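Beneath this line is the structure, given in structure tokens, with notes to follow.
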Ligand code: HEM
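Now the structure itself:
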């Protein structure tokens, strides 16, 4: 698949994923204060069901396209600390892997019945911070020079 196609797929995947995380943290958390508890739980369960349906596909496209593009930069990624671009891209990939780790942790907690409101908030907030950093790194990596210059 060509680089522009991968980039477009990656961008759409990122839009949906980042949009969902931002919606949950910036909107839902605040809305909770004004909605009755049972109604809120019903809404969250419905959102959860929808997310479980579409998110695996979104993540597949996002990470698949990301890996496809990263292949182009494999020579840089062999020694990422030599250039600004390589360093920022490597950090971005590490953060993306950490996001997957968050998912794994959340799934484990849910399956074992150990997911609480507090844990759910911490996971959401942490993924939110990861998203902000990933976007800054993704956009910044093309504007940092070579460390040796
Ligand atoms: C949570 C997961 C991820 C998010 C939210 C994310 C988000 C983004 C965003 C917003 C861009 C900028 C796209 C643009 O300017 O059009 C980008 C670029 C990029 N991402 Fe990701 N990304 C993720 C995971 C990954 C992974 C796992 C890889 C590789 C293994 C990767 C590799 C890249 C590369 C190489 C670019 C540069 C594309 C270019 O502008 O030429 N990303 N990413």
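Numbering (our numbering), first residue to last: 35 to 183. Beta carbons are placed, not taken as given, at the ideal position from N, Cα and C, and that holds for glycine. Values in this document were obtained by computation on a predicted structure and should not be read as measured data.
Along the length of the segment 64-132, whole alpha helix (DSSP H) runs at least 4 residues long occupy 71-106, 108-112, reported in chain order. If you look at residue 59, you'll find it isn't in any alpha helix (DSSP H); DSSP assigns it neither H nor E. Comparing alpha carbon positions, the residue from 168, 169, 38, 176 closest to residue 102 is 38. Going by beta carbons, residue 99 and residue 41 fall inside the 9 Å limit. Taking a cut-off of 8 Å on C-beta distances, the segment 111-119 touches the segment 172-179, as three or more cross pairs fall below it.
Taking C-beta separations shorter than 6 Å and ignoring five residues to either side along the sequence, the partners of residue 43 in its chain run 95, 99, following chain order. Nearest Cα to residue 156 within the set 53, 59, 89: 59.
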